[in-house]
Amino acid sequence: MYWKETVRQMDDIGIGSLVIVCLISIFMGAVSAIQFAYQLSGQLVPKYYIGYIVRDLTIIELAPTITCLVLAGKVGSNMAAEIGGMRQKEHIDAMEIMGVNTSAYVILPKILGGLFAIPLLVCISALVGILGGYIATVPTEIISDIEYVRGARSFFHPYNVFMMFVKSVVFAFILVSVSCYQGYFVKGGSIELGKASTAAVVYSDILILLADYVIALLLMA
Amino acid sequence: MIRAEGIFKSFGDKEVLKGIDATFEAGKTNLIIGRSGAGKTVLLKILVGLLKPSSGTIWYDKDNFSLLEGRKLREIRLKVGMLFQGSALFDSLTVQQNVQFPLDMFTNFTYKEKLNRVNECLERVNLENANDKYPSEISGGMQKRVGIARAIVLNPTYLFCDEPNSGLDPKTSIVIDELIKDITIENNITTIINTHDMNSVMEIGENIVFIHDGYLEWNGSRNQVLDSTNMRLQEFIFASPFLQRLRKAALNNH
Ligand SMILES: Nc1ncnc2c1ncn2[C@@H]1O[C@H](COP(=O)(O)OP(=O)(O)OP(=O)(O)O)[C@@H](O)[C@H]1O
Ligand SMILES: [Mg+2]
Chain A
1 MYWKETVRQM
11 DDIGIGSLVI
21 VCLISIFMGA
31 VSAIQFAYQL
41 SGQLVPKYYI
51 GYIVRDLTII
61 ELAPTITCLV
71 LAGKVGSNMA
81 AEIGGMRQKE
91 HIDAMEIMGV
101 NTSAYVILPK
111 ILGGLFAIPL
121 LVCISALVGI
131 LGGYIATVPT
141 EIISDIEYVR
151 GARSFFHPYN
161 VFMMFVKSVV
171 FAFILVSVSC
181 YQGYFVKGGS
191 IELGKASTAA
201 VVYSDILILL
211 ADYVIALLLM
221 A
Chain B
1001 MIRAEGIFKS
1011 FGDKEVLKGI
1021 DATFEAGKTN
1031 LIIGRSGAGK
1041 TVLLKILVGL
1051 LKPSSGTIWY
1061 DKDNFSLLEG
1071 RKLREIRLKV
1081 GMLFQGSALF
1091 DSLTVQQNVQ
1101 FPLDMFTNFT
1111 YKEKLNRVNE
1121 CLERVNLENA
1131 NDKYPSEISG
1141 GMQKRVGIAR
1151 AIVLNPTYLF
1161 CDEPNSGLDP
1171 KTSIVIDELI
1181 KDITIENNIT
1191 TIINTHDMNS
1201 VMEIGENIVF
1211 IHDGYLEWNG
1221 SRNQVLDSTN
1231 MRLQEFIFAS
1241 PFLQRLRKAA
1251 LNNH
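Quick mapping for you: the protein sequence lines, in order, are chains A and B. Take the first sequence: its position 91, counting from 1, is numbered 91 in the working numbering, and each next residue is one higher. Just add 1000 to the spot in the second sequence (first one is 1) and you have the working numbering.
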């Protein structure tokens, strides 16, 4: 039962958010590439640095943070509403009476699903982001194909990818647990349910940004 | 057998239960009756542990239920079935999946065995051919019956029913009452039913706990109801002039 539910969550979170994550990532990469091209123009810095900067910016910061902020809005609010609805309609009480460990049954599959699916989404987001930078700069002849690729392959530190995974796992845990908490302990009626769903997004976002800062301090300083 | 000893419960400064002592015996249909808002649902939720009493103790046979926590609590819950006032069926599961849910969670049955047990229970509540419907697609009375089927699917030792026949027509009510009574006797279950349905009281009230204003006002069996001189009980049970005339007639025939 738990396994089935976990797979359902992975599918919900992962496949369900793939399109929006790709869409956002492509623009995220494209805009940063164009902006760096603009900032670097007329300076002595070689152009292939655009590829390099877009790559690291995406991997270290944009992919994990933006993706998780967006997922907090999409997945987090959805989880809070789903669990909150179960609480209000006495589904959770009914399970509790049957002897089900409801906090485990309701929340654990979501946490596991999130911890598995969200880092994968972040990976995809980073890839698509770098691709977005390419699409924005190469066909428009801001820089050449060879330069962008050269940049994207220069000064590569695997440690940055490690940071990306640390961030995505931490953010995933934050957004799922905060949202589940908001839903699980909801009281009252549909107005409170709406509020819980909003609170899930707001608190997840704040905590994600704080965690982002702390991780940056710990892993980069 | 379930015993409640000195149960108090307040929400904020609103006292709902003010010291309830009652024994609910096995193999009997125990009724909790009282006006709407008297605290029946609150008492039932305290008895099953969904609410914590402000003070008081609850005994499930020899176990002090109030002290149980975590795994121990869940073990005893495997022996508990409950029908909620609003049925509380899982609305994204079909009727069959709803009844099957406890089996999925707690047994290693094969799909075939589960299906057999589910159908057995659904048959028991006279609900055939509804397996693939969703709760929103069936009537309130049918939902209640699915709720009962789900509550009995694991052969409970303790069965709780919150208003099993509110919102049902008299005939269906009687069917459901009889059903609960039969199941209770067959499996020697400790059954506790919340109701304010007078038919139920007179038909299946083997042990009646009457709650008024947070106190246990009267305790006895249906046979003692007619003879009781408790004014509040009489007012509650024979609320309409019609029922009062019936009572007079019944007493004259005694
Ligand atoms: N969670 C709660 N918070 C505050 N007050 C509550 C809560 N639950 C119940 N009450 C109060 O307790 C009293 C008893 O409620 P309860 O639901 O037990 O009534 P009842 O006897 O089941 O009535 P009915 O027959 O209408 O179902 C009511 O006055 C209600 O306002
Ligand atoms: Mg009630």
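All residues carry an ideal CB built from backbone N, CA and C; glycine is no exception.
Simplified DSSP assignment, three categories, for T1190 (chain B) = strand
ask   = Measuring CB to CB, does F171 (chain A) end up less than 9 Å from I118 (chain A)?
value = yes
request  = Identify every residue that forms a DSSP beta bridge with Y1158 (chain B).
outcome  = B:V1080, B:T1190
inquiry  = Give the residues whose C-beta lies closer than 7 Å to at least one heavy atom of ligand 4, in chain order.
reply    = Judged by which ligands are present, ligand 4 is missing from the structure shown, whose ligands are ligand 1 and ligand 2.
request  = Find the nearest neighbour of S1166 (chain B) within the set B:L1159, B:I1152, B:A1088, B:N1194, judged by alpha-carbon distance.
outcome  = B:N1194
query = Does ligand 1 have a heavy atom nearer than 8 Å to the CB of F162 (chain A)?
reply = no
inquiry  = Applying the 10 Å Cβ sphere with the 16-neighbour rule, what's the burial state of M86 (chain A)?
reply    = buried
query = In terms of residue numbering, what span does the alpha helix (DSSP H) encompassing T140 (chain A) cover?
reply = Where T140 (chain A) is concerned, there is no enclosing alpha helix (DSSP H), given that its DSSP letter is neither H nor E.
query = Is A1239 (chain B) near ligand 1, going by C-beta to nearest heavy atom under 8 Å?
reply = no
query = Counting only runs that start and end within the segment 1051-1115 of chain B, where is the beta strand (DSSP E) found for 3 or more residues in a row?
reply = 1055-1060, 1080-1083
key: Cβ neighbour criterion (16 or more within 10 Å) applied to K1248 (chain B)   = exposed
key: Proximity of V75 (chain A) and V161 (chain A) at Cβ, strictly below 9 Å   = no
Within 9 Å, strictly: CB atoms of T1191 (chain B) and K1028 (chain B) = yes
query = Residues in its own chain within less than 8 Å of C180 (chain A) by CB, not counting five upstream and five downstream?
reply = M79, A80, I83, V106, I107, K110, I111
request  = Hey, could you find the ends of the beta strand (DSSP E) T1029 (chain B) is sitting in?
outcome  = 1029-1033
Buried versus exposed, by CB contacts within 10 Å (16 or more), S28 (chain A) = The sequence shown places Met at residue 28 (chain A), rather than the Ser named in the question. Counting Cβ neighbours within 10 Å, M28 (chain A) comes out buried, since at least 16 surround it.
query = If you drop the 5 nearest sequence neighbours on each side, which residues of the same chain put their C-beta closer than 8 Å to that of I34 (chain A)?
reply = A136, T137, I142
task = Report, in whole angstroms, the separation of the C-beta atoms of I208 (chain A) and L69 (chain A), which I expect to be a contact under 8 Å.
result = 6 Å
inquiry  = Would the segment 1120-1137 of chain B count as touching the segment 30-49 of chain A if we require 3 or more Cβ pairs under 8 Å?
reply    = no
ask   = At a cut-off of 8 Å, is A136 (chain A) close to ligand 1 when judged by its beta-carbon and the heavy atoms of the ligand?
value = no
Members of the segment 97-118 of chain A that neighbour chain B once the beta carbon cut-off is set at 9 Å = I97, M98, G99, V100, N101, Y105
request  = Determine the closest residue to V1201 (chain B) out of B:S1221, B:N1187, B:E1186, with distance taken between C-alpha atoms.
outcome  = B:S1221
ask   = Between L1243 (chain B) and W1218 (chain B), what straight-line distance do the alpha-carbon atoms span, to the nearest angstrom?
value = 20 Å
inquiry  = Assuming contact is defined by CB atoms lying nearer than 9 Å, are V1153 (chain B) and L1078 (chain B) in contact in what I supplied?
reply    = no
key: Candidates A:G133, A:M95, A:I60: closest to S168 (chain A) by CA position   = A:I60
ask   = Going by beta carbon distance, what residues of the same chain come within less than 6 Å of Y134 (chain A), once the five residues before and after it are set aside?
value = Y148
ask   = With L1050 (chain B) and D93 (chain A) assumed to form a contact (beta carbons below 8 Å), what rounded beta-carbon distance in angstroms separates them?
value = 5 Å
task = Keeping to the same chain, check which residues put their C-beta closer than 7 Å to that of S1010 (chain B); ignore five residues upstream and five downstream.
result = V1016, S1054
Near-chain A residues of the segment 1238-1250 of chain B - C-beta to any C-beta below 9 Å = none
ask   = Would a check of beta-carbon distances place P1164 (chain B) closer than 9 Å to chain A?
value = no
The segment 1036-1057 of chain B: positions lying closer than 7 Å to chain A by Cβ = V1048, L1050
query = In whole angstroms, what is the alpha-carbon distance linking V1125 (chain B) and L23 (chain A)?
reply = 52 Å
request  = Could you tell me the boundaries of the beta strand (DSSP E) in which N1219 (chain B) lies?
outcome  = 1215-1220
Contacting positions in the segment 174-193 of chain A - beta carbon closer than 9 Å to chain B = none
inquiry  = Would you say D1104 (chain B) lies against chain A (beta-carbon separation less than 9 Å)?
reply    = yes
task = Kindly list, in the order they appear in chain B, the residues whose Cβ is closer than 7 Å to that of E90 (chain A).
result = F1084, G1086, A1088
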